[in-house]
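Here the sequence shown is numbered in the working numbering, starting from 1480 and rising by one per residue.
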Amino acid sequence: MLSLFVTVLLFISRVSTSDNKASHNGLSPTESYFMSIWHNRLYLYSAAALVFGIWFSLKLVLKKKSFPKDVGSLVYEAVKKNDSCDGDTAAHVSGVKIFYGSQTGTAKGFAQDLSEEVTALGIAAEVIDMKDYDADDQLADECTNQSVCVFLVATYTDGQPTENAQWFCKWLEEASTDFRYGKTFLKGLRYAVFGLGDSVYVGHYNTVGKNVDKWLWMLSGHRVMTRVEGDCNVVKSRNGSVQNDFLVWKGKFLVRLQALAKGETKSCSGDCKTGGSCKNQSKDTHDEGEEKAAEQNDSSEEDLVESSSDEEESGLQDEHMSGSVVDMEDLGNIMSSAKKAKTKQEGQGDGNMVKLSKMNGVKKVGDEGERREMITPALRGALTKQGYKLIGSHSGVKLCRWTKSMLRGRGGCYKHTFYGIESHRCMETTPSLACANKCVFCWRHHTNPVGTEWRWKMDPAETILQEALEKHQSMIRQFRGVPGVQAERYEEGLAVKHCALSLVGEPIMYPEINTFIRLLHSQRISSFLVTNAQFPQEIRSLEPVTQLYVSVDASTKDSLKKIDRPLFKDFWPRFIDSLRALGEKRQRTVYRLTLVKAWNVEEMLAYSELIAMGQPDFVEVKGVTYCGESSASTLTMANVPWHQEVVAFVQQLADMLPQYEIACEHEHSNCLLIAHTKFKIEGEWWTWIDYERFQDLVQAHSDSDGQTSFSALDYVALTPSWALFGGREQGFDPQDTRFTRRNKTKDISGC
């Protein structure tokens, strides 16, 4: 300050001297003033620089004083490097739950050590073995009980979770891509992840820790710290060993925990969830770049959910795929090239394509090895990510969510209510992932290939069925010891009794579909086959199945084109002929109507005419399931009808059908069943199926080379009262326990 005062005095004296000189030279006062400033500009610059330096020094001193003096350098760095991107809204911490996935006991030991340290701070701590924790029931509660969840997870052989963490990780992975849970299912959950791995295994280093962190983040969990990866490789470990890595992380976590307990918050740029960089994050965090890259990839990849029975479930959370995945919905040039190749091959007389024969036989011309596979490497990656267990080059199997539900005694699907299916013994599969339609409500958002005829390599039916059973049983075995799974139903679930050929695609396109059905029946497995009403000749040549479905998504040519978006140019004649072909079948037949509000619910009269044409045994009417935003469809939540709206539609439709009445209801699936009155015997509905009787009848039919025939009424069973329309249970089996997921978003899955 003294130097500033001296500088100002010198400046004033210089100005005075200059004024005197100027007055002697005859200059005006104003001119002399500006001349003085110009001649003494050096002093002005010095004064300005001095003022700025003093201001900056004062600011630094005040800022330093504002930070608590009793906070050591370690605490200061820990707070400074706090990588939490979301602002902490909780004012306190009720407790810390420490989950561990351990194979050799290291992670378990870390969990117990951390528990003792947390307890010493006066905060309640609980150590939880992942195999004893029912995430489906309990994890959502952690979002509201003010707890902080810590995950200490080790990576085991080939990048897999440890044995005690397998079920938890599987559930978390599926939930993160399941639209029924929603993107905000774990919003409010505060968590931290410490992974245990060995960098010697380059391809699988800390895979489980990365995945757990990613899945929690995808469900809107809130990181209180950036994931840290402990390394058992002492050469590359940042702190010399995984134990030291944990000790360093633990110190930072405890500091962060104390800050949370005091209600401290932290601002953020808000770009973290979109892959942007958080301005508050420390640049020297080794894992940050890797974590952000992983999150960006996952936000750009297509994340789909587990299937449910038939087409009811979707899992699309994000329509975009990774750069390596080709959208098979838009084949474009690929289809054009294939057609040109086909024309050329046929013109040369060496066509090497598989044709659908009248009896679904196989006509082969040319070398089988010359045809391409239906599942390309990119498509295989996308379908595997969605949870499919792929079989060969064109088939797949997937575990239905109702299978999981019934294993735990939480009820079966609508087919259990309508027809007596044992959902925990039902295998959902398809021998053809390809389809001839691009429906707007496609629950796979058109990631499966499309085509109007079979043009791919073909796997034998025996191989497909054998691998489907093995993969299905393998998925069932993963439920062994899972909390809530009933031991009796688990054992029953290992023996497949039903097969729903409705997973995705068009099963009837598979040239050996009749062989596949015969193999199912030879193992006394019932067959429920769904077709999209574009292959009338194949319907006629189809051997008897337990129940044959035709999807009737619209009742007029224009609405069918708008909703199903078929590939065939003659789609409407094919559609009508398929319904007539269905009417020629003697076994059980079903129309499936999917109601899309504002699109097809007003076509009551046209629907009644189609029903009169095909005379199906049953008509299933179900509200459409919203599968998430998609550039391939304009469908929104506004198109999803409420259950009351579906009931009103069905009641009006039934009144227009003299030979039909409403028989059953499954409220949870937003679905009702209209049945032909021939199934109402002496005032009681017989919509259920005697499956053992059916197997005997189909065996007799096969032994007689088709001479011995049978009809739908030959294998009926009495429908229980709880399944009937208007019942108090609304289609829920009273032997099971109704479970309502504690989710913040309404479950509109309808299944």
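Heads up, the beta-carbon is just placed ideally off N, CA and C, and yes, glycines get one too. Note that this is a predicted model, so its numbers are computed, not measured.
Query                                                                                                                                                                             : Result
How long is the line joining the alpha carbons of V2129 and A2033, rounded to whole angstroms?                                                                                    : 15 angstroms
In three-state terms, what does DSSP make of D2182?                                                                                                                               : helix
Determine the burial state of K1538: buried for a count of at least 16 other Cβ atoms within 10 Å of its Cβ, exposed for fewer.                                                   : exposed
Using C-beta distances below 6 angstroms, list every residue in its chain close to G1638, excluding the 5 sequence neighbours before and after it, in chain order.                : H1683, T1686
Could you give the distance in angstroms between the alpha-carbon of T1942 and the alpha-carbon of L1998?                                                                         : 11 angstroms
Using a Cβ-Cβ cut-off of 7 angstroms (strictly less than) and excluding sequence neighbours within five positions of E1708, which residues of its own chain qualify?              : G1674, G1676, N1685, G1688, D1766
My parser needs the beta strand (DSSP E) runs of 3 or more residues fully inside the stretch 1689 to 1753; what are they?                                                         : 1707 to 1710
Here's the rule: buried if 16 or more other CB atoms are within 10 angstroms of the residue's CB, otherwise exposed. What is P1939?                                               : exposed
Which first and last residues belong to the alpha helix (DSSP H) in which H1903 is found?                                                                                         : Unbroken run through H1903: none, as it is neither H nor E.
Determine the burial state of L1668: buried for a count of at least 16 other Cβ atoms within 10 Å of its Cβ, exposed for fewer.                                                   : buried
What do you get for W1935, buried or exposed, if any count of 16 or more other CB atoms within 10 angstroms of its CB means buried?                                               : buried
Under a three-way DSSP split, which group does K2068 fall into?                                                                                                                   : Correcting the residue type first, residue 2068 is Thr in the shown sequence and not Lys. It is a strand residue.
With a threshold of 7 angstroms on Cβ separation, who are the neighbours of Q1582 within its own chain once the five nearest residues in sequence on each side are excluded?      : A1633, Y1635, T1641, E1642
Who are the near neighbours of F1589 in its chain, counting only those whose CB is closer than 6 angstroms to its CB and skipping five residues on each side?                     : L1631, F1725
Excluding the 5 residues preceding and the 5 following N1723 in the sequence, name in chain order all residues of the same chain whose CB lies nearer than 8 angstroms to its CB. : S1716
What's the gap between the Cα of T2073 and the Cα of L2192?                                                                                                                       : 26 angstroms
Where do the N-terminal and C-terminal ends of the beta strand (DSSP E) with H1571 fall, by residue?                                                                              : From DSSP, H1571 is part of no beta strand (DSSP E); its letter is neither H nor E.
Smallest Cα separation from I1870: which of K1917, T1931, L1948, H1903?                                                                                                           : L1948
Can you name, in chain order, every residue of its own chain whose Cβ lies under 6 angstroms from the Cβ of S2006, other than the five neighbours on each side?                   : C1978, I1996, L1999, V2024, T2025
To the nearest angstrom, report how far apart E2016 and V2125 are at their CA atoms.                                                                                              : At residue 2016 the sequence reads Gln, which differs from the Glu that was named. Computed Cα separation, rounded: 33 angstroms.
Does the stretch 1654 to 1666 come close enough to the stretch 1616 to 1630 to have 3 or more Cβ pairs within less than 8 angstroms?                                              : yes
So, at 6 angstroms on beta carbons, what are the nonlocal neighbours of A2154 in its own chain, with the 5 sequence-adjacent residues on each side left out?                      : F2097, A2142, T2166
Determine the contact status of L2151 and E2161, defining contact as a CB-CB distance below 9 angstroms.                                                                          : no
Determine which residues share a DSSP beta bridge with Y1670 and list them.                                                                                                       : C1628, R1702
Given K1729, which residues of its chain have a CB within under 7 angstroms of its CB, disregarding the five upstream and five downstream residues?                               : L1593, E1596
Can you list the alpha helix (DSSP H) stretches of 4 or more residues lying completely in the stretch 2183 to 2216, in chain order?                                               : none
Would DSSP call Q2232 helix, strand or coil?                                                                                                                                      : Because the chain here runs from 1480 to 2230, residue 2232 falls outside it and cannot be looked at.
Determine the burial state of Q1617: buried for a count of at least 16 other Cβ atoms within 10 Å of its Cβ, exposed for fewer.                                                   : exposed
Give the DSSP-derived three-state secondary structure of L2022 in the structure shown.                                                                                            : It should be pointed out that residue 2022 corresponds to Glu in this sequence rather than to Leu. Residue state, collapsed to three classes: coil.
Would you list the one or two residues that DSSP bridges to H1977?                                                                                                                : C1905, S2005
Does DSSP put G1963 in a helix, a strand or coil?                                                                                                                                 : coil
Go to E1605, then tell me how far its beta strand (DSSP E) extends in each direction, as first and last residue.                                                                  : 1604 to 1608
In chain order, what residues of the same chain have a beta carbon less than 6 angstroms from the beta carbon of G1930, not counting five sequence neighbours either side?        : A1913
In the DSSP assignment, find the beta strand (DSSP E) that holds G1875 and state where it starts and stops.                                                                       : 1874 to 1877
Pairs of beta-carbons, one from the stretch 1902 to 1909 and one from the stretch 1868 to 1888, closer than 8 angstroms: are there three or more?                                 : yes
Based on Cα-Cα distance, which residue from V1681, H2122, K2159, E1932 lies nearest to E2140?                                                                                     : K2159
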